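Participant: Line order of the protein sequences matches chains L and P. In this text, residue positions in the first sequence follow numbering that gives the first Met the number 0: the first is 0, and each later residue adds one. In this text, residue positions in the second sequence follow numbering that gives the first Met the number 0: the first is 0, and each later residue adds one. Yeah, the Cβ is synthetic: ideal placement off N, Cα and C, and Gly gets one too. Model, not experiment: these values are computed from the prediction. Let me begin by handing over the structure; questions about it come next.
Protein chains: 2
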Amino acid sequence: MTDRTTGQAGDNADRDQLDGLRPGEIAVDLPDHFDAALYYIGRIRTPWKRRDDCPKNPRESDAVCTVELDPRWVEGLAGLETVSHVVLLYWMDQARRDLVLQSPRHYAERRGTFALRSPARPNPIAVSVAKLLGVDGNVLTVVGLDCLDGTPLLDIKPYFASTDSVPDAAVGWHASRER
Amino acid sequence: MTDRTTGQAGDNADRDQLDGLRPGEIAVDLPDHFDAALYYIGRIRTPWKRRDDCPKNPRESDAVCTVELDPRWVEGLAGLETVSHVVLLYWMDQARRDLVLQSPRHYAERRGTFALRSPARPNPIAVSVAKLLGVDGNVLTVVGLDCLDGTPLLDIKPYFASTDSVPDAAVGWHASRER
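Structure below.
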């Protein structure tokens, strides 16, 4: 593991800037091989063309977005029209994968990657719950996304309140931040 | 796209049996290339060694399971101990990826892959919400999983009720089945 906040300070300060690390962020060496592979099965269309334009989280916007499924898979949508909400998995292809401690722009403290929903993670797969407005051929119309226009789609799942909804779940570090 | 339920009936009946398709299930030709790649970042330890032993869904069992994170990533857990529930992503490495219409064992009707939570899907990534009991070094103790022992781990995320919980979400085909 490479701790880029230790070692020869001058060199590392230079390297961190080159690498785009913020102060205190730590990156590790990535594994030397991949273990499995993904197909992009479609694209997500949103109003946001630059990362700075994207809402901070999916409930911040009620913009209507569309999910364009590759026609190869269209029969897989049968029955989805009866569902009120979908879980969308998509690939945040612009995120770095080696950060373990990070300082997101809008938080003061650094935290572990797995305590954050940041795009930067070993496998940059986002999970978003969206309200399904309709299905027309291979296109879904949804509300509740925050990703860039053109983001690669990985999966569509029905949202089951019985297993997916935990209204009283708490994120301690975030709650104390809001107090 | 190959519709394996049409064409020369005898041949296809034979081929379907060889392929393990149930009556009415349809498989498509997979894309000729992959688009992105995954790291396994750990393993999930559960009491279930065979698919037939697994609970039908994560709320059917209160077995305590463990999530063993590769030590490479352990600093990424900082702050996670303040979280009540986690979203776990894992790779269902034994599932076929080419089904678009399928007939799960416990449902009478066939449905589209994207209307089901079946492991068989183009990218067999499972999303499960689990109650976090504790974090000790690189090991999480959780309740609320239904997967096989040894399942490869892809990601750990904090569960935010504000964006992830939709208590009144409905899955129409499933509701009408229960009536």
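1. Could you confirm whether any beta carbon from chain L is found closer than 9 Å to the beta carbon of residue 185 of chain P?
2. Check whether the stretch 148 to 160 of chain P touches the stretch 102 to 118 of chain L, taking contact to mean three or more Cβ pairs, one atom from each stretch, closer than 8 Å.
3. Taking 9 Å as the CB-CB limit, is residue 179 of chain L close to chain P?
4. What number of angstroms, rounded off, separates the C-alpha of residue 159 of chain L from the C-alpha of residue 58 of chain L?
5. Grab me the residues of residue 62 of chain L's own chain with a C-beta within less than 6 Å of its C-beta, minus the 5 sequence neighbours each way, in chain order.
6. Can you give the beta carbon distance from residue 137 of chain P to residue 73 of chain P, rounded, assuming they're within the 8 Å contact cut?
7. Taking residue 135 of chain L as the query, report the chain P residues whose CB atoms sit under 9 Å from its CB, ordered along the chain.
8. Who are residue 101 of chain P's beta bridge partners in DSSP?
9. Roughly how many angstroms lie between the CA atoms of residue 36 of chain P and residue 141 of chain L, to the nearest whole one?
10. Where does residue 44 of chain L sit, in a helix, a strand or coil, going by DSSP?
11. Taking 6 Å as the limit between beta carbons, can you name the residues of its chain near residue 139 of chain L, skipping five residues before and five after?
12. Say whether the stretch 97 to 104 of chain P touches the stretch 20 to 29 of chain P, bearing in mind that this needs 3 or more beta-carbon pairs closer than 8 Å, one atom from each stretch.
13. So residue 118 of chain P packs on residue 42 of chain P, CB below 8 Å; how close in whole Å?
14. By the 10 Å Cβ neighbour count, where 16 or more other Cβ atoms means buried, how is residue 70 of chain L classified, buried or exposed?
15. At 3 residues or longer, what runs of the beta strand (DSSP E) sit wholly inside the stretch 50 to 82 of chain L?
16. Using a Cβ cut-off of 8 Å, pull out every chain L residue sitting near residue 43 of chain P, in sequence order please.
17. Give the single residue among L:79, L:87, L:126 whose Cα lies nearest to the Cα of residue 134 of chain L.
18. Start and end of the beta strand (DSSP E) containing residue 163 of chain P?
19. List the whole-angstrom C-beta distance separating residue 34 of chain L from residue 38 of chain P, where the pair is believed to meet the contact cut-off of C-beta under 8 Å.
20. Would you say residue 47 of chain P reaches chain L, if we count a Cβ-Cβ gap shorter than 9 Å as a contact?
21. State the CB to CB distance for the pair residue 20 of chain P and residue 85 of chain P, rounded to an integer number of angstroms; the pair is presumed to be in contact (CB under 8 Å).
22. Any beta-carbon of chain P closer than 9 Å to the one on residue 94 of chain L?
23. Can you give me, in chain order, the residues of the stretch 144 to 158 of chain L that have a beta carbon less than 8 Å from any beta carbon in chain P?
24. Mind pulling the chain L residues with CB within less than 7 Å of residue 226 of chain P?
25. Less than 9 Å between the beta carbons of residue 148 of chain L and residue 48 of chain L, yes or no?
Facilitator: Let's see:
1. Any question about residue 185 of chain P goes unanswered here, given that chain P covers just 0 to 178.
2. yes
3. The displayed coordinates of chain L run from 0 to 178. Any statement about residue 179 of chain L would go beyond what the structure contains.
4. Going from the Cα of residue 159 of chain L to the Cα of residue 58 of chain L covers about 19 Å.
5. 46
6. 4 Å
7. Those do not exist, as residue 135 of chain L stays about 14 Å from chain P at its closest Cβ, beyond 9 Å.
8. P:110
9. 27 Å
10. Residue 44 of chain L falls in the strand class under three-state DSSP.
11. 66
12. yes
13. No, residue 118 of chain P and residue 42 of chain P are not in contact; Cβ-Cβ is about 17 Å, not under 8 Å.
14. Residue burial is scored here from C-beta neighbours: residue 70 of chain L has fewer than 16 other C-beta atoms within 10 angstroms and is therefore classed as exposed.
15. Segments of the beta strand (DSSP E) lying fully in the stretch 50 to 82 of chain L: 63 to 68.
16. By Cβ distance, chain L contributes nothing, its closest Cβ being about 14 Å from residue 43 of chain P, past 8 Å.
17. L:79
18. Unbroken run through residue 163 of chain P is the alpha helix (DSSP H), 160 to 163; no beta strand (DSSP E).
19. 6 Å
20. no
21. The pair is not a contact, with the Cβ atoms about 35 Å apart (cut-off 8 Å).
22. no
23. Correct list: 151, 153, 154, 155, 156, 157, 158.
24. The displayed coordinates of chain P run from 0 to 178. Any statement about residue 226 of chain P would go beyond what the structure contains.
25. yes
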